[in-house]
Every structure is written in C-alpha cells, then in structure tokens.
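Here is the structure we will look at, set down as structure tokens.
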Amino acid sequence: MKSGPLDIFLKFLWLGCTSFGGPIAHIGIFRRQFVEKERRITESDYASMVALCQVIPGPASSQIGMGLGYRFAGWAGAVAAWLGFTLPSAVLMFFAGLWILSGDGVSEAAWFVTAMKLVAVGVVTQAVLGMWGQLCTDRETKIVALISAVAFYSSPTTMMQVSLIGMALVGGYLLKSGADTEGRNTISPTASKLRASFIGAFLWALGVLLAVSVDNGQPWAHVFSGHYFSGALVFGGGHVVLPLLEAEFVPPLESSTFLSGYGFAQAVPGPLFTVASYLGAVMLPETAVFGATLGVVAIFLPGAIILSTALCLGQTLGDWKARLIYVNAAVVGLLFAVLINPLFTEAVYSETTTGLAILSLLICVAFKRSPLELVAALTSATYICHLLDWV
Numbered sequence: 059m060k061s062g063p064l065d066i067f068l069k070f071l072w073l074g075c076t077s078f079g080g081p082i083a084h085i086g087i088f089r090r091q092f093v094e095k096e097r098r099i100t101e102s103d104y105a106s107m108v109a110l111c112q113v114i115p116g117p118a119s120s121q122i123g124m125g126l127g128y129r130f131a132g133w134a135g136a137v138a139a140w141l142g143f144t145l146p147s148a149v150l151m152f153f154a155g156l157w158i159l160s161g162d163g164v165s166e167a168a169w170f171v172t173a174m175k176l177v178a179v180g181v182v183t184q185a186v187l188g189m190w191g192q193l194c195t196d197r198e199t200k201i202v203a204l205i206s207a208v209a210f211y212s213s214p215t216t217m218m219q220v221s222l223i224g225m226a227l228v229g230g231y232l233l234k235s236g237a238d239t240e241g242r243n244t245i246s247p248t249a250s251k252l253r254a255s256f257i258g259a260f261l262w263a264l265g266v267l268l269a270v271s272v273d274n275g276q277p278w279a280h281v282f283s284g285h286y287f288s289g290a291l292v293f294g295g296g297h298v299v300l301p302l303l304e305a306e307f308v309p310p311l312e313s314s315t316f317l318s319g320y321g322f323a324q325a326v327p328g329p330l331f332t333v334a335s336y337l338g339a340v341m342l343p344e345t346a347v348f349g350a351t352l353g354v355v356a357i358f359l360p361g362a363i364i365l366s367t368a369l370c371l372g373q374t375l376g377d378w379k380a381r382l383i384y385v386n387a388a389v390v391g392l393l394f395a396v397l398i399n400p401l402f403t404e405a406v407y408s409e410t411t412t413g414l415a416i417l418s419l420l421i422c423v424a425f426k427r428s429p430l431e432l433v434a435a436l437t438s439a440t441y442i443c444h445l446l447d448w449v
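Now the structure itself:
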C-alpha cells in the first residue's frame, strides 16, 4: 500500500502524540499500527527492519519509523515520518527548557525538578538492569561492562567514551568475525546501492569530523557538535544516549539542569532523543528556538545518514550483530557509571529523597509500571513532601 508524504506525516504525528513508554514500546506500537491494523508491511519484513536498525548507531525506534516511511513513500516519506513522530515531544521539551530558563518558576517549583530527577533514577535503573540481562550474558561481556563502568566513572569525558567504544568495536571485529554468517547466505547489494552506501558512510564520518572541528568555543557550535557526536556514537538509542550527552554538556550546564531535562523527557511521548530540544534551548537562551532546532537536527542527523547506508546494504549487515556484542556491553557500563554519578548523587541527598528514590525503584523496577505512571506517582509524592517541608 502506497501513501503520500502528508498521509505519513499525519499518521506519525498521531503516533508521536500517543507513543509513551520509550523505544521498546515504540517498536510494539509501530508493529500494532502497520503490521496488525493497517497491514502495510508483513511480519517478517517488519522484523527485518527492526533487526537492521538494532545493529547501526542512532535512535533505533526513530530509525524504524524513518525506514517505514521510506518503504511507504521513499525518502520524502522517511522525512515525513521522522518529522511527525519527533515534533510533539520536541515542542514539549522546548517549552520545558523555557520553563527552566524562566528562573522564578523553577525556584518556586524546585520540588518538581527534584521529582524529575527521581523519575530518571527509576527509569535508568530499570534500563541498566534490563540491558545487563539482555546484553551481558557471558563472562566476557560482563567484564567489558564493568571495566567500562569503572573507567568512565573515573574519567567521565568524551574521549574516554570514544576510546571504550572503539576498543570494544575492534575487539568484537577481531574475535567475533563470521560468527553470525556460518551456514547463512547473504545477499550482496547491487553496484549502485554499494556506491550509495559508501557515500552515506563517507557523509557520516565527515559529519563526525566536522562536529569535532567546528566546536570553536561558541555555544551554537557546541550545541551542534555535542549532539551530532552523541547521535553518531550511540548504539541502541534510548537511555544509552544519557552518558554521551552528560559528557558533552555537563559542564557548561549544571548537573541538576541536565538531569531535570532528562526527567522531563520521561513524561512526554515520542523519542527520548528530543531531550536535545531542551538542551539546545537552555544552552542558547537568547535564541532558544534556533538552539532547540539545531540540537534536534544534529542528534538525529547521523542516525538518518547511517540508516540510508544500511537500507542500501540490507542483509549484508547481518554479520555485524555478533561483532557489536562488546560495544553493547560497553554502553551498559557507561550507563551504569552515569546512574551512580551524577544521577544518584544529585537526586538522593536526604532521608526524604532516599525514600522517594526507593518508591521510584519499586514502581519502575519491581512493579514495571510505565514511565507515565511513574511520573504521575513521583510528582504527587514529591509535592506532598514539599507541602510538609520535607523537600
């Protein structure tokens, strides 16, 4: 079934307004909408699309949305799907940034900022535990994750992240080459698709180099380079981007400001990467609209470029899944380090916040409630504590 870009934009705009729950939930929502309800794509084709987006860097659920848009209406459909799915949460996160910038409102509602930090504690803890169980399944991957956690905790810098991910990638390539391809035939891409994939890979790498070189100390350059660099290095999307962004923007932002934005992101539908809208706005307060737009475009751009390459290469990327197991383990370690510092150290500082943090963990980890329910519960509980002068 073919659709025009406008139809795709409106469909994904609705999904962007109603898709709570993070990347895993988004994958299920897309499947229910386009496989079961509308029957625009078969189960096997959708599974192939999901698998493809899981082995390339970038926001997985957004890349799946762009891939579906491309399948339905070409590149115009891919852009329409991304814009529709991203716009609602990007706008909401922009207004959250403006609220933080207002100053007076924040001082009167510091309890809400505290609540958002505690929300992040529960959500990220759940993510770390889930990723540990899924991605760190043997002694080797567990050791890689723990080494990454200790190294990044000791030196929370962008260079350390790049070094850890790079070493994990090299290790996986050397030790796991061919692990996924034994007994399986792969489909070779055509010459034209191969050329297009090389162009895409070149543009992705060129963007990384430009992101590094363009950061000349100007705030706008930092917004672009920090977001592009984070978007280019993240594998799996979702909460994995947290340590990357934290290393880029803390400082110059205060840790509490950064974590508040990450907490806000749990309360809105759509992709978690739209936290870039918040960060861009608070980084460029004089031109907040420009900053938010620049941040969002920069963080999604590398994933879109590499997706175009992946769509050209198709099944020939299949053998990379095994080679990325150490990269996945390394990012689990990075996320664990950020969970300890600054998340726990910033959010848990008194008996009351300790109790609220335990409540957050119970709701999110023990009872496995949705992020929206977690936000509602923690906001209510923190406000009551605020009225009692406990927070």
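Remember, the working numbering sits 58 above the position in the sequence shown when you count from 1. The beta-carbon is built from N, C-alpha and C at its ideal position, and this holds for glycine as well. Just so you know, these numbers come straight off a predicted model, no measurement behind them.
Where does R90 land, buried or exposed, given buried means 16+ other C-beta within 10 angstroms?
exposed
Using three-state DSSP, classify P400 as helix, strand or coil.
helix
Suppose contacts are defined by Cβ-Cβ distances below 9 Å. Is G125 in contact with L365 by that definition?
yes
Does the Cβ-Cβ distance between F256 and A269 come in under 9 Å?
no
Apart from the five residues on each side of it in sequence, which residues of its chain come closer than 7 Å, Cβ to Cβ, to K175?
L317, S318, G321, E404 and A405
Just to confirm the assignment, what range does the alpha helix (DSSP H) spanning G123 have?
A118 to S160
Going by CA-CA distance only, name the one from T440, Q276 and R427 that's closest to E409.
T440
For L417, the nearest candidate out of F130, A178 and A350 (CA to CA)
A178
Cβ atoms of T315 and I85: under 9 Å apart, would you say?
no
Simplified DSSP assignment, three categories, for G275
coil
Span separating the alpha-carbon of V347 from that of F152
8 Å
If I follow the unbroken alpha helix (DSSP H) through A173, where does it start and stop?
A168 to L193
Is it buried or exposed for Q219, if we count other Cβ within 10 angstroms and need 16 for buried?
buried
Can you give me the C-alpha to C-alpha distance between P115 and V385, rounded to a whole angstrom?
11 Å
Taking C-beta to C-beta, are G135 and S61 nearer than 9 Å?
yes
Run through DSSP, which three-state label would P214 get?
coil
Given C111, which residues of its chain have a CB within under 6 Å of its CB, disregarding the five upstream and five downstream residues?
A118, Q121 and I122
With 16 other CB atoms within 10 Å as the buried threshold, where does I421 fall?
buried
Between L432, V449 and F394, which lies nearest to W190 when the distance is taken from Cα to Cα?
F394
May I have the straight-line CA-CA distance separating S213 from M341, to the nearest angstrom?
24 Å
Given a cut-off of 9 Å on the beta-carbon distance, is the pair W278 and L156 in contact?
no
Pair within 9 Å by beta-carbon distance, G80 and H285:
no
By alpha-carbon positions, which one of L432, E306 and G391 ends up nearest to G188?
G391
In terms of residue numbering, what span does the alpha helix (DSSP H) encompassing G321 cover?
S313 to A323
N243 versus S106 - alpha carbon distance
The predicted position of N243 is uncertain, since its pLDDT is 48 and thus under 50; no value can be drawn from it.
Give every residue of the same chain whose Cβ lies closer than 7 Å to the Cβ of G241, excluding the five residues on either side of it in the sequence, and list them in chain order.
Any reading at G241 is ruled out, since the residue's pLDDT is 47, under 50, leaving its predicted position unreliable.
So, are the CB atoms of S313 and P400 less than 9 Å apart?
yes
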